[in-house]
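**Student:**
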Amino acid sequence: MGRERSPTGERGGASAFVVRDGNAAPTPITPERLPPETPPLLTVAEGDARLVTGPPNASKLSHPLVLDDGRRVFVTEDGDAVLTGKSGTERARRALDALPDARLVRAGGHVAVLAGRTKRYDHGVLGDGIEAERCVLLDPDDLAIAERIEPSGVVEGTMPILASLTENDDSEVIVTVSDAERGARVVAFDTDGARLAAGSGFDGGHRWRHQLAVAPFAADDVPELAAVETPHIGGTVRFCRREDETLRVVGSVSGYSSHTIGSRVLDGAVAGDFDNGGRPELLVPDDSRAHLGAVRRTEGGAQEAWKLSIGGTLTTSVTGTRLAGGGVAVGVGHADGVRIWQSSN
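For the sequence shown, this note's numbering begins at -17 and goes up steadily by one.
#1: Do the stretch 193 to 203 and the stretch 245 to 252 meet, that is, are 3 or more Cβ pairs less than 8 Å apart?
#2: Please return the same chain residues whose Cβ sits closer than 6 Å to the Cβ of Arg(-15), not counting the five positions on each side in sequence.
#3: Using only alpha-carbon positions, find the residue among Leu108, Ile143, Lys101 and Gly233 that is nearest to Cys117.
#4: Measure the alpha-carbon distance for Ala170 versus Ala145 and round it to whole angstroms.
#5: Leaving aside the five residues before and after Pro198 along the sequence, list all residues of the same chain whose C-beta is less than 8 Å from its C-beta, in chain order.
#6: Within 10 angstroms of its Cβ, does Arg304 collect 16 or more other Cβ (buried), or is it exposed?
#7: Can you grab the Cα-Cα spacing for the pair Gly233 / Glu225, in whole Å?
#8: Provide the residue span of the beta strand (DSSP E) that contains Glu115, from first to last.
#9: Beta-carbon within less than 6 Å of Gly217's beta-carbon, same chain only, minus the 5 sequence neighbours each way: which residues are those?
#10: Who pairs with Asp30 in a beta bridge, going by DSSP?
#11: What does the alpha-carbon distance come out to for the pair Ile11 and Ile322?
#12: Tell me the rounded alpha-carbon separation between Glu59 and Asp79.
#13: Extract the residue ranges of the alpha helix (DSSP H) inside the stretch 226 to 291, only unbroken runs of 4 or more that lie entirely within it.
#14: Might you give, ordered along the chain, the residues of its own chain that have their beta carbon closer than 8 Å to the beta carbon of Phe56, omitting 5 neighbours on each side?
#15: Can you find the residues in the same chain that come closer than 7 Å, C-beta to C-beta, to Pro133, ignoring five residues on each side of it along the sequence?
#16: Rounded to the nearest angstrom, what separates Arg220 and Phe256 at their Cα positions?
#17: Hey, would you say Leu120 sits closer than 8 Å to Ala114, going by beta carbons?
#18: What span of residues does the beta strand (DSSP E) with Asn5 cover, start to end?
#19: Do you know how far the Cα of Gly187 is from the Cα of Arg(-13)?
#20: Have a look at Pro21 and Ala27 and give me their C-alpha separation to the nearest angstrom.
#21: Where do the N-terminal and C-terminal ends of the beta strand (DSSP E) with Ser160 fall, by residue?
#22: Report buried or exposed for Ile292, applying the criterion of at least 16 other Cβ atoms within 10 angstroms of its Cβ.
#23: With a Cβ-Cβ cutoff of 8 Å, do Ala208 and Ala180 count as a contact?
#24: Does Phe352 come out as helix, strand or coil in the three-state DSSP assignment?
#25: Just how far apart, CA to CA, sit Pro213 and Ala306?
#26: Give the range of the beta strand (DSSP E) segment to which Phe199 is assigned.
#27: CB-CB under 6 Å to Gly111, same chain, minus the five flanking residues each way: which ones, in chain order?
#28: On the DSSP letters alone, give me the boundaries of the beta strand (DSSP E) that Thr303 sits inside.
#29: Can you pull the DSSP bridge partners for Asp328?
#30: Would Glu14 and Ala31 qualify as a contact pair, given that the criterion is a beta-carbon distance under 8 Å?
#31: Tell me whether Trp288 is buried or exposed, calling it buried when 16 or more other Cβ atoms sit within 10 Å of its Cβ.
#32: Would you identify the three-state DSSP class for Arg53, choosing helix, strand or coil?
#33: Please report how far the alpha carbon of Val235 lies from the alpha carbon of Ser270, in whole angstroms.
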């Protein structure tokens, strides 16, 4: 079974490898360089590995969203959202004042982007002092604005999670909302902009919650949100379940760090059934950032089921993917190289 892996170096140089039976062989990658702060997005088609890039006016702090039919949506340096066809021809543009590092996501018939740049909350732990005032939902066909979701504080993150916290298929818009009085709390909205449920905050500002994934972590298969509370000062993984208008904590384990202060890398964990146990785990760095802990929901809360040694201190995102022949692969980078784990069904 082969798997492409494409790390980017400190100066933006890219390398790709095909991994088969535990051995890694170099393979060509296009382009060979990215701007140093551009998050890499890799596509592989018919054996051709390619990093997804935008045009010259695209923000260097993000990457385009590739739609199913080959069209792309990207954010410009000025904060516009732009839709292009397969050939790269511009088809639609919408002025949004999107975050320079906004990551576009799609689910439930919408493209979502964080917009409305503001510096009114002076926390600044995610790479700059700019946060978002709103989350905008766009029609992927023409970028018409379907909804503007305006929380009471700022949105402290680079992208929302679009997922359902109930057992129906209706997507919810989940964001981390922050202010000086209560710090960060996770809030879920419906796609019409109505607030559905919220988690707890803190006693003051400058405390962050890193929302990570929604999955059926528990044995009853009800979707839950996994987040790390205060990852910079001793992090705690918390699993939250929606109950009426509350996101209630149903499991917690301390000792994890999904983000480093000042970094724009927010892909700090991945959820999946990595050990073929029948239920997903949250794979997240521990406080030393030298190991990945597999945190699993239990009947009484949560616990670390097992861990992986990175072989150094984590310096990249935590990336996971399904393999074509079954199983999953997880990859991380550290100061001396890249480490990849693969499982099979």
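Every residue, glycine too, gets a C-beta built ideally from N, C-alpha and C.
**Tutor:** According to the data block:
#1: They touch, by the three-pair rule.
#2: Along the sequence shown, one-based indexing puts residue -15 at 3. Note that Arg(-15) has pLDDT 41, beneath the 50 cutoff, so the model's placement of it is unreliable and the number below is only indicative. Cβ neighbours of Arg(-15) beyond the five flanking positions: Val1 and Ala311.
#3: Here residue 117 refers to the residue found at position 135 when the sequence shown is read from its first residue. Ranking Leu108, Ile143, Lys101 and Gly233 by Cα distance to Cys117 puts Ile143 first.
#4: Taking the sequence shown and counting its residues from 1, one reaches residue 170 at position 188. Taking the sequence shown and counting its residues from 1, one reaches residue 145 at position 163. Rounded to whole angstroms, Ala170 to Ala145 spans 10 Å at the Cα level.
#5: Locating residue 198 in the sequence shown gives position 216, where the first residue counts as 1. For Pro198, where only same-chain residues beyond five positions count, the Cβ hits under 8 Å are Val204, Pro205, Glu206, Arg261 and Pro262.
#6: On the sequence shown, residue 304 is found 322 positions in, with the first residue counted as 1. Arg304 is exposed by the Cβ-count criterion.
#7: Counted from its first residue, the sequence shown places residue 233 at position 251. Counted from its first residue, the sequence shown places residue 225 at position 243. Between Gly233 and Glu225, the alpha-carbon positions lie close to 14 Å from each other.
#8: Looking up residue 115 in the sequence shown gives position 133. Residues Glu113 to Leu120.
#9: Here residue 217 corresponds to residue number 235 of the sequence shown, with the count starting at 1. These residues qualify, in order along the chain: Val210, Tyr238 and Ser239.
#10: For the purposes of this step, residue 30 is identified with residue 48 of the sequence shown, where counting begins at 1. Paired residues: Ala27.
#11: Start at 1 with the first residue of the sequence shown, and residue 11 comes out as number 29. Start at 1 with the first residue of the sequence shown, and residue 322 comes out as number 340. Approximately 18 Å between the Cα atoms of the pair.
#12: For this step, residue 59 is matched to residue 77 along the sequence shown. For this step, residue 79 is matched to residue 97 along the sequence shown. In this structure, the CA atom of Glu59 is about 9 Å from the CA atom of Asp79.
#13: Qualifying alpha helix (DSSP H) stretches: none in this window.
#14: Translated into positions along the sequence shown, residue 56 becomes position 74. So the qualifying residues of the chain are Gly36, Pro37, Ala40, Ser41, Ser44, His45, Pro46, Leu47, Ala63, Val64, Thr66 and Leu86.
#15: Residue numbering aside, residue 133 sits at position 151 when the sequence shown is read from its first letter. If we look at Pro133 and ignore the five residues flanking it on each side, its Cβ neighbours are Val157, Val159 and Val169.
#16: If you number the sequence shown from 1, residue 220 lands on position 238. If you number the sequence shown from 1, residue 256 lands on position 274. Distance between the alpha carbons of Arg220 and Phe256 is about 19 Å.
#17: For the purposes of this step, residue 120 is taken as residue 138 along the sequence shown, with counting starting at 1. For the purposes of this step, residue 114 is taken as residue 132 along the sequence shown, with counting starting at 1. The answer is no: Cβ separation not under 8 Å.
#18: Working through the sequence shown from its first residue, we reach residue 5 at position 23. Element bounds for Asn5: Asn5 to Thr9.
#19: By one-based count along the sequence shown, residue -13 stands at place 5. By one-based count along the sequence shown, residue 187 stands at place 205. Legend: pLDDT at Arg(-13) = 48, less than 50; position of this residue unreliable, no value from coordinates given.
#20: Taking the first residue of the sequence shown as 1, we reach residue 21 at position 39. Taking the first residue of the sequence shown as 1, we reach residue 27 at position 45. The alpha-carbon of Pro21 is positioned some 20 Å away from that of Ala27.
#21: Taking the first residue of the sequence shown as 1, we reach residue 160 at position 178. In the DSSP assignment, Ser160 falls within the unbroken beta strand (DSSP E) covering Glu154 to Asp161.
#22: Numbered from 1 along the sequence shown, position 310 holds the residue referred to as residue 292. Classification of Ile292: buried, given that the 10 Å Cβ count is 16 or more.
#23: If you number the sequence shown from 1, residue 208 lands on position 226. If you number the sequence shown from 1, residue 180 lands on position 198. Cβ atoms of Ala208 and Ala180: not closer than 8 Å.
#24: Since the first residue of the chain shown is -17 and the last is 327, residue 352 is not available in this structure.
#25: What you label residue 213 is simply residue 231 of the sequence shown in a count that begins at 1. What you label residue 306 is simply residue 324 of the sequence shown in a count that begins at 1. Each residue's Cα considered, the two are about 34 Å apart.
#26: Indexing the sequence shown from 1 puts residue 199 at position 217. First-last for Phe199: undefined, no H or E at that position.
#27: On the sequence shown, residue 111 is found 129 positions in, with the first residue counted as 1. Within its own chain, the residues whose Cβ lies closer than 6 Å to the Cβ of Gly111, once the five positions on either side in sequence are excluded, are Lys101, listed in chain order.
#28: The residue given as residue 303 occupies position 321 in the sequence shown. Residues Thr301 to Arg304.
#29: No statement about residue 328 is possible, as the shown extent of the chain runs from -17 to 327 and does not include it.
#30: Taking the sequence shown and counting its residues from 1, the one referred to as residue 14 is at position 32. Taking the sequence shown and counting its residues from 1, the one referred to as residue 31 is at position 49. For Glu14 and Ala31, no; Cβs fall outside 8 Å.
#31: If you number the sequence shown from 1, residue 288 lands on position 306. So Trp288 ends up on the exposed side.
#32: The count along the sequence shown starts at 1 and reaches residue 53 at position 71. Reduced to three states, the DSSP call for Arg53 is coil.
#33: Here residue 235 is taken as the residue at index 253 of the sequence shown, counted from 1. Here residue 270 is taken as the residue at index 288 of the sequence shown, counted from 1. Here the alpha carbons of Ser270 and Val235 stand approximately 15 Å from one another.
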